[in-house]
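Data block below; observations after.
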Amino acid sequence: MLVRADCRTCDRMALVVRAVCEEVGEDWETVDVDATADPELRGEYGDRIPVVLVDGEELASWRVEPDDLRRSLA
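Mapping the sequence shown onto this note's numbering, position 53 (from 1) lands on 53, and the numbers just tick up by one.
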């Protein structure tokens, strides 16, 4: 999950991602696009944070539906 500091939308999305990942037994991590050394990552996603990536593919930005995330992780 791509995030940025002090982002309430990121916090809300993280709650969904955490719950679904715990439910299905998947690990997840966050990357702060403003703190990363990867300018391409920041350039690609910086204006659409938060973003959920599954296996490097974008699943959602701004809001993720739990069922969509479950299907993507299956």
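Cβ coordinates follow ideal geometry from the N, Cα and C atoms, glycine included.
As the structure is a computational prediction, the values presented were derived from the model and not from experiment.
For residue j and residue i, the rounded distance between their alpha carbons
| i | j | result |
| --- | --- | --- |
| Val54 | Asp38 | 18 angstroms |
| Arg18 | Arg42 | 23 angstroms |
| Thr9 | Leu15 | 10 angstroms |
| Pro50 | Val64 | 10 angstroms |
| Arg48 | Trp62 | 7 angstroms |
| Val52 | Tyr45 | 10 angstroms |
| Leu73 | Cys7 | 25 angstroms |
Start and end residues, alpha helix (DSSP H) containing residue i
| i | result |
| --- | --- |
| Glu57 | That residue, Glu57, is in no alpha helix (DSSP H); its beta strand (DSSP E) goes 57-61. |
| Glu23 | 8-24 |
| Glu40 | 39-45 |
Where the beta strand (DSSP E) through residue i begins and ends
| i | result |
| --- | --- |
| Val52 | 51-54 |
CA nearest to the CA of residue i, picked from the options
| i | options | result |
| --- | --- | --- |
| Asp34 | Ser61, Ala5, Gly56, Glu44 | Ala5 |
Neighbour flag for residue i against chain B, beta carbons, 9 angstroms
| i | result |
| --- | --- |
| Leu41 | The structure shown has no chain B; it contains just one protein chain. |
Buried or exposed by the 16-neighbour rule on C-beta atoms within 10 Å, applied to residue i
| i | result |
| --- | --- |
| Val24 | exposed |
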